[in-house]
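In what follows, a single structure is set out as structure tokens and then discussed.
There are 2 protein chains.
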Amino acid sequence: MKKLYISDLVDKIGSEVELCGWVHNKRDHKKIVFIDLRDSTGIIQVIGDEKFKELNPEDVVCIKGVVKSRPEKLINPKMKTGKIEFEAKKLKIISHAEALPFDISKENLDVTLPILLDYRSLSLHHPKIQAIFKVEETVIDAFREALKKKSFFEFQSPVIIPQTAEGGADVFEVKYFDHQAYLSQSPQFYKQIMVGAFEKVFTVNKTLRAEPSVTTRHLAEVITLDAEMAFIDSWTEIMDMAEYTIKYIFEEVDKRNKSELELLGVTLPKIADKIPRIKLREAQEIIFKRTGRDNRKEPDLQPEDEREICRWANEEKKSDLIFVSHYPTSKRPFYTFEDPDDPNYTLSFDILGRGVEWMTGSQRINDLKLLLKKAKERNINIHKSELYLQAFRYGMPPEGGFSFGAERIVMGILGLQNIREASLFPRDMERVDIRLSTLD
Amino acid sequence: MKKLYISDLVDKIGSEVELCGWVHNKRDHKKIVFIDLRDSTGIIQVIGDEKFKELNPEDVVCIKGVVKSRPEKLINPKMKTGKIEFEAKKLKIISHAEALPFDISKENLDVTLPILLDYRSLSLHHPKIQAIFKVEETVIDAFREALKKKSFFEFQSPVIIPQTAEGGADVFEVKYFDHQAYLSQSPQFYKQIMVGAFEKVFTVNKTLRAEPSVTTRHLAEVITLDAEMAFIDSWTEIMDMAEYTIKYIFEEVDKRNKSELELLGVTLPKIADKIPRIKLREAQEIIFKRTGRDNRKEPDLQPEDEREICRWANEEKKSDLIFVSHYPTSKRPFYTFEDPDDPNYTLSFDILGRGVEWMTGSQRINDLKLLLKKAKERNINIHKSELYLQAFRYGMPPEGGFSFGAERIVMGILGLQNIREASLFPRDMERVDIRLSTLD
Chain A
1 MKKLYISDLV DKIGSEVELC GWVHNKRDHK KIVFIDLRDS TGIIQVIGDE
51 KFKELNPEDV VCIKGVVKSR PEKLINPKMK TGKIEFEAKK LKIISHAEAL
101 PFDISKENLD VTLPILLDYR SLSLHHPKIQ AIFKVEETVI DAFREALKKK
151 SFFEFQSPVI IPQTAEGGAD VFEVKYFDHQ AYLSQSPQFY KQIMVGAFEK
201 VFTVNKTLRA EPSVTTRHLA EVITLDAEMA FIDSWTEIMD MAEYTIKYIF
251 EEVDKRNKSE LELLGVTLPK IADKIPRIKL REAQEIIFKR TGRDNRKEPD
301 LQPEDEREIC RWANEEKKSD LIFVSHYPTS KRPFYTFEDP DDPNYTLSFD
351 ILGRGVEWMT GSQRINDLKL LLKKAKERNI NIHKSELYLQ AFRYGMPPEG
401 GFSFGAERIV MGILGLQNIR EASLFPRDME RVDIRLSTLD
Chain B
441 MKKLYISDLV DKIGSEVELC GWVHNKRDHK KIVFIDLRDS TGIIQVIGDE
491 KFKELNPEDV VCIKGVVKSR PEKLINPKMK TGKIEFEAKK LKIISHAEAL
541 PFDISKENLD VTLPILLDYR SLSLHHPKIQ AIFKVEETVI DAFREALKKK
591 SFFEFQSPVI IPQTAEGGAD VFEVKYFDHQ AYLSQSPQFY KQIMVGAFEK
641 VFTVNKTLRA EPSVTTRHLA EVITLDAEMA FIDSWTEIMD MAEYTIKYIF
691 EEVDKRNKSE LELLGVTLPK IADKIPRIKL REAQEIIFKR TGRDNRKEPD
741 LQPEDEREIC RWANEEKKSD LIFVSHYPTS KRPFYTFEDP DDPNYTLSFD
791 ILGRGVEWMT GSQRINDLKL LLKKAKERNI NIHKSELYLQ AFRYGMPPEG
841 GFSFGAERIV MGILGLQNIR EASLFPRDME RVDIRLSTLD
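Protein sequence lines correspond, in order, to chains A and B. Per this note's numbering, the first sequence runs over residues 1 to 440. Per this note's numbering, the second sequence runs over residues 441 to 880.
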């Protein structure tokens, strides 16, 4: 098995080694043929002979040769391996690639997003695309690590659910043997069940929503990072935990993904020592004062409002993230706890980052009677969610939790324009790997 | 927020603290009322006054009081906290529980599995049930950790897929907007796509199979632990990696779950220094010699054969795990690599543990033409799996991988009789949280 990676070569000058990877590109100088060889860790210039002429981009090869210093004037300061090159002795072609639909060796791919997704398996070969998903890996891993450090228990929440109770409309139906079942839109009910036994829990899931519109911020399948915690004294402790978690994620991305951030030319968003916290109505007031746009009676923030309040946080509070709390009861799920000091408004909160919602959370109702009353008021039938109700029948502490969208965080951190760029295999109304319009 | 857990108390003798948790049980001695208080970390005896009379099992309470040593003769050696008790000063009832359907404070629950699952949210309160899932958490976490140490990249595989190509029959259909889509039975295609770019990858998923039968070993929704690795020189390297991984998992369970294993009275299965590796035909020969049962012409092992070959490995090789390799081409998926030295048999392997399959793996075909030929021979149409085919068009190294079932490992490690015990919310033909027979 391959033992040596391109990123290992910098201190191997003079060694004879074997490298395996993909032909990134080729420059034919008659008797000498240069290729850039790429693997998952980097790219190196290889000096080959006439046998290299037959190579084409993305061919898989193994090459024996010697690692050399480049002559001073040929050093390429833009490449990590720019001070070295590889003198080939023996070329083995492992598999040939077909002609490429676009040039994958350009520093920036110049194809549209739909084309990039049509050829996802190829575009994933590009170092900048790989960098996005290396950051995403860290985001998810750091979420887990942050909460494990606080003794949270990780559990696996199911995909198939007996009933949709949270909102209803945007749910996918599954033919489940002779019955009908649904795909989970959120692990909400299950994390509440779990918190009633394990006290502090988290779970990483794909959640599935039949989003009936095509926007740059929504997907039908997203990765959600969910946490729930019991025995809280105040709802602000949930915000504190969410704040700790997102800061931990930022620190880990900063630590683990230096080269990816550099490659992508990205600096992390600013987080203030304490992320500013304002109520929805305060946000609306600020927006009104700054723009004259009067959405003060609206129950929620519009996309333009989200962008404006983030601009305000950036300018006035030196933070690219902001908590907005106290959404009206009518706009939040039935299980959301109402603020006793501010009736008709809930102990709920979002984190907005760079103009987009990254997280949503709240304290939950932990009294069964009240919960059933709230469900009934909204005509929500939860009789198939008996396990959820049991959690409240058999001893539920005061609790709450939050849910981050992994793709939203990655999009925000990297300043991507479309959430599809932050999803390996984005699903939406128009695409499940292939464009649905091409189906029979 | 709750700061102190019951497991923290052993060295807190003399301290005045507040504990929060659930009333595990109550012993009323007129003026003195004893309760066992339980939280997610343990149980402690609490000495209360008459106010404790009104408490019922699973009520949620917070109690201020003093941690005390128990008198010598009242020490309970069976409890971790058996040397201490808690003298209550002030009781706060947080929420009342309804009457329980069964006694949750028994050391062993004496209800049938269906009842236990009907009341899953309650049975999860039981320390032994919690212990199962704490072990499962470690299994999954250790899988990730083992492969991260070998520089594998973690990715998230999708749930919704455009086409079922692996076998077909046992797939769930989803109404996907105006189209039909399916639920992923395995991340196979996606991990092959990923390995073509990232070289070494792993992924933890819920995979979904419409298993049309009810057995003690199958679920409709399982947690799969998948890995895939490129640039292999030999298929045996894949087995080596799988062996390293399962050993790592065992070591971590042994390290992190000592108290759970003790509570459940379990010793880990034996693993030989090198897990024995035999071909299917050798296994069949051994079984024939040991039992007279002649399945030497069968293309696979029957459940009774799996148990027998595990008994043999235990007795003759001092190992509760065994690799069985070289399943016939016809019994393995179309993408499986055939052994050039043993035609009609594949470079495929399973790990059987304590009589059940825990893992399956193989080297894969990495040549597009051959892959298409094999698909065609089986009448498998993969035209909707264009991204999968692209992976081979644009440079695929020699590669292979494996897939563990998390519940199977937990079942095996803990000696559980039914896989449903190893699933938090088991789904099968008869149940999705509630029994489907109770639905309209």
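Ideal Cβ placement from N, Cα and C applies to all residues, glycine included.
Helix or strand or just coil, what does DSSP make of residue i?
i: E651 (chain B); result: coil
i: Q180 (chain A); result: strand
i: T329 (chain A); result: helix
i: A537 (chain B); result: coil
i: G852 (chain B); result: helix
i: L792 (chain B); result: strand
i: G705 (chain B); result: coil
i: W462 (chain B); result: strand
i: M836 (chain B); result: coil
i: E738 (chain B); result: coil
i: S545 (chain B); result: coil
i: G841 (chain B); result: strand
i: G292 (chain A); result: coil
i: F642 (chain B); result: strand
i: K452 (chain B); result: coil
i: E58 (chain A); result: coil
i: M441 (chain B); result: coil
i: E826 (chain B); result: helix
i: L665 (chain B); result: strand
i: Y248 (chain A); result: helix
Compute the distance between the beta-carbons of residue i and residue j, then report whether it is under 8 Å.
i: S770 (chain B); j: S788 (chain B); result: no
i: F865 (chain B); j: P158 (chain A); result: yes
i: I35 (chain A); j: N25 (chain A); result: yes
i: I484 (chain A); j: F143 (chain A); result: For chain A, the structure presents residues 1 to 440; residue 484 (chain A) sits outside this window and is missing.
i: V135 (chain A); j: I413 (chain A); result: yes
i: L829 (chain B); j: I822 (chain B); result: yes
i: K68 (chain A); j: K89 (chain A); result: no
i: K646 (chain B); j: Q180 (chain A); result: no
i: I322 (chain A); j: L280 (chain A); result: no
i: V500 (chain B); j: W462 (chain B); result: yes
i: L659 (chain B); j: E817 (chain B); result: no
i: K317 (chain A); j: P276 (chain A); result: yes
i: E668 (chain B); j: E839 (chain B); result: yes
i: L441 (chain A); j: E58 (chain A); result: No answer is possible for residue 441 (chain A): it lies beyond the span of chain A, which begins at 1 and ends at 440.
i: S319 (chain A); j: A375 (chain A); result: no
i: A197 (chain A); j: H565 (chain B); result: yes
i: R420 (chain A); j: L117 (chain A); result: yes
i: V195 (chain A); j: Y182 (chain A); result: no
i: T481 (chain B); j: I515 (chain B); result: no
i: E826 (chain B); j: I434 (chain A); result: yes
Should residue i be flagged as near chain A, meaning a C-beta pair shorter than 8 Å?
i: L556 (chain B); result: no
i: W462 (chain B); result: yes
i: R649 (chain B); result: no
i: A682 (chain B); result: no
i: S765 (chain B); result: no
i: K589 (chain B); result: no
i: G835 (chain B); result: yes
At a Cβ threshold of 8 Å, is residue i touching chain B?
i: S259 (chain A); result: no
i: F133 (chain A); result: yes
i: K274 (chain A); result: no
i: P398 (chain A); result: yes
i: K128 (chain A); result: no
i: R1 (chain A); result: The amino acid at residue 1 (chain A) is misidentified as Arg; the sequence shows Met. Yes, M1 (chain A) counts as interfacial toward chain B.
i: G65 (chain A); result: no
Does the pairing of the region 242 to 256 of chain A with the region 523 to 532 of chain B give three or more beta-carbon distances under 8 Å?
-> no
Decide if the region 321 to 338 of chain A is in contact with the region 356 to 373 of chain A; the criterion is three or more beta carbon pairs, one per stretch, under 8 Å apart.
-> yes
Taking contact to mean at least 3 C-beta pairs separated by less than 8 Å, is the region 858 to 872 of chain B in contact with the region 643 to 663 of chain B?
-> yes
If contact means a Cβ-Cβ distance below 9 Å, which residues of the region 154 to 180 of chain A contact chain B?
-> The residues in question are E154, F155, Q156, S157, P158, V159, I160, I161, P162, Q163, F172, E173, V174, K175, Y176, F177, D178, H179 and Q180.
Indicate whether the contact test is met: 3 or more Cβ pairs, each with one atom in the region 126 to 140 of chain A and one in the region 549 to 556 of chain B, closer than 8 Å.
-> Because the criterion of three Cβ pairs below 8 Å is not met, the region 126 to 140 of chain A and the region 549 to 556 of chain B do not touch.
Near-chain B residues of the region 414 to 437 of chain A (beta-carbon distance less than 7 Å), N- to C-terminal order = L424, F425, R427, M429, V432, D433, I434 and L436
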